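Quick notes on the structure that follows.
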Amino acid sequence: MAVDSKFQSMDIDVKIKKFTWRIQNFSSLEVKKLYSEVFTVDGYKWRILIFPKGNHVDHLSIYLDVADSATLPYGWSKYAQVGFGVIDQFDRETSSTRVTQHCFNAREADWGFTTFLCLTELHNPKRGYLLNDECLVEVYVCTDKTLDFISREFIVETDWDELKAKEADCVKAVMDNQKTPTTKPVEITLPSPTQSSSQTVATEPEEPAEEDMNTFFTSLESELSSSRMLYSKEEAKEALAKIKEALNTTPVNLNDSGKFSPLKQAIMILARFDGSSTTLTIEQKNELLDLEERLKELANRAAKAVQDKDQLTAKESIKQTMTCNLESSLIRYKEVETEVKQVDQILAALREEVEEAQKRKEKMLAERKGIYRSCKEMKMELDALGKELAECEATAKVGEEEEKSVEAEWGRIKDFISSIEAKI
């Protein structure tokens, strides 16, 4: 399905960049993970990555990702301090925030929090995380290692859109009231009702008298006492219960749960309660009024400790994965080494067979040459015999005639002898 989102970037100053991502129809998202548009900080391209239904956990998961990590030069790395915020659009002070820092590289091109905000809390209609089913995500990025500006207070307590508007109004006012540009600081003084808009009167303040100061503070105390809201014992008990409930949770959960705003009201009620039998001392009231800041400080310290532990766990996980990969590679290396030896043995046996075959070949080639020489000699003898045979045939014919002549003469001699024998 198509995802409706709006993305804005802002330079808070030359060191810190803020990026706002408004995701519409959040509850209807069916994707496992979702990327924001790409933005540039310090020459690098970045994007926000969220898992709307959690990265295998029941929490919203959020990370900052280097968008073009695959195309960056070999061995690249970039430091960044990052602040994440999912804004409570009912009360910005109860927004869920986390801050981290990381050296991004090819192996760790994204970094953030897998358990950023519990999904139950995210979808709670009493909270403003999904106002009109829109989720407002803010990310603050600083790549200067010498600075450590980004914090929960920095994200939550400063409305930069309002600040920029006021700053623009002040600059315009200064521009309208100046005829010659100057690099000196400009102080804008609003004229009193009795002065004209084109006149400014500078007067030295009078030295106050002791009696005037006493009268002023007596009157001020009276006014504050009359205007101070009185709380009942039941309200004080309810406020105390809220404080105890907050203290029964962990500092990290208190930091993420958005309970600081109601906690602030509960502390104020308890500090101003003045029952006849439970009057608090000045020290106790002052300690109560300071309690919110102390709890915030403790929650932030706890969140930082959890963050450091998460980073350690992540590093240990990476180390364990790399160790397993190295062990697997070592095992495979030994297997390949054994296979190479086996192949060498096969090659050695084949070489022996080749040498033996080569010897047989050389022997057969020698035999072939011998046969060739023998056959050539026999052919020469045969050719010579053919010539002798022709001569023998001629001689045989003469001999045959001679044999016939001898037989005829032999017969005549026999006949002669026979004729003589007859006469004797």
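One point on numbering: in UniProt numbering, the residue at position 151 of the sequence shown is 151, and numbering is uninterrupted.
All residues carry an ideal CB built from backbone N, CA and C; glycine is no exception.
Note that the structure is predicted; figures quoted are calculated from it, not measured.
Under 8 Å between C-beta atoms of LYS17 and VAL41: Yes, they are a contact pair.
DSSP-derived helix/strand/coil call for ALA106: Coil, per DSSP.
Whether THR120 touches ALA80 by CB criterion (8 Å): No, Cβ-Cβ distance for THR120 and ALA80 is not below 8 Å.
For GLU367 and SER374, the rounded distance between their alpha carbons: A straight-line Cα-Cα distance of about 10 Å links SER374 and GLU367.
Check whether LYS45 and VAL38 have beta carbons under 8 Å apart: Contact: yes.
For LEU280, the nearest candidate out of ALA394, ASN55 and ALA236 (CA to CA): Of the listed residues, the one whose Cα sits closest to LEU280 is ALA236.
Alpha-carbon spacing of THR20 relative to TYR74, whole angstroms: One alpha carbon belongs to THR20, the other to TYR74, and they sit about 31 Å apart.
With 16 other Cβ atoms within 10 Å as the buried cut-off, status of ILE188: A caution first: ILE188 carries a pLDDT of 28, below 50, which makes its placement in the model too unreliable to give a value.
Neighbourhood of LEU122 by C-beta, 6 Å cutoff - its chain only, sequence neighbours within 5 removed: Taking LEU122 as the centre and dropping the five residues before and after it, the same chain places the C-beta of LEU60 and TYR129 closer than 6 Å to its C-beta, in chain order.
Length of the line joining the Cα atoms of LEU131 and LYS53: Cα-Cα distance, rounded: 18 Å.
SER36 versus GLU134: straight-line alpha-carbon distance, rounded: Linking SER36 to GLU134 through their CA atoms gives a straight-line distance of about 15 Å.
Start-end ranges of the beta strand (DSSP E) lying completely within the segment 329-389, minimum 3 residues: Contiguous beta strand (DSSP E) elements confined to the segment 329-389 do not occur, taking only those with 3 or more residues.
Coarse secondary structure for SER69, derived from DSSP in three states: In the three-state reduction of the DSSP assignment, SER69 falls in the helix class, which pools H, G and I.
For VAL156 and GLY83, believed in contact at Cβ under 8 Å, the rounded distance: Rounded to the nearest angstrom, the Cβ distance from GLY83 to VAL156 is 10 Å, too far for a contact under 8 Å.
ARG92: first and last residue of the uninterrupted beta strand (DSSP E) it sits in: Counting along the chain, ARG92 falls outside any beta strand (DSSP E), and DSSP gives it neither H nor E.
First through last residue of the alpha helix (DSSP H) which encompasses ALA239: Per DSSP, the unbroken alpha helix (DSSP H) holding ALA239 starts and ends at 233-248.
Rounded separation between SER232 and PHE273 - CA only: Spanning the two alpha carbons is a distance of roughly 7 Å.
Nearest neighbour of GLN265, chosen from GLU283, ILE243, LEU247 and ASN286 [CA to CA]: Ranking the options by Cα distance to GLN265, first place goes to ILE243.
Burial state of residue 431, where buried means 16 or more other Cβ atoms lie within 10 Å: As shown, the chain starts at 1 and ends at 424. That puts residue 431 outside it, with no answer to give.
Collapsed DSSP secondary structure at SER27 in the structure displayed: Collapsing the DSSP output to three states places SER27 in a helix.
Cβ neighbours of GLN178 in the same chain (closer than 6 Å, five flanking residues each side left out): Bear in mind that the predicted position of GLN178 carries a pLDDT of just 40, short of 50, making it too unreliable to give a figure here.
Close Cβ partners of ILE420 (< 6 Å) along its chain, the five nearest in sequence each way excluded: Within the same chain, ILE420 has no close Cβ partners at all.
Contact under 8 Å by Cβ, ALA246 with LEU263: Contact flag set, yes.
Residue burial classification, TRP410 (beta-carbon count within 10 angstroms, cutoff 16): TRP410 is classed as exposed because its beta carbon has fewer than 16 other beta carbons within 10 Å across all chains shown.
Option nearest ARG127 by Cα separation, candidates ASN105, GLY112, THR94 and VAL99: Among ASN105, GLY112, THR94 and VAL99, the Cα nearest to that of ARG127 is on THR94.
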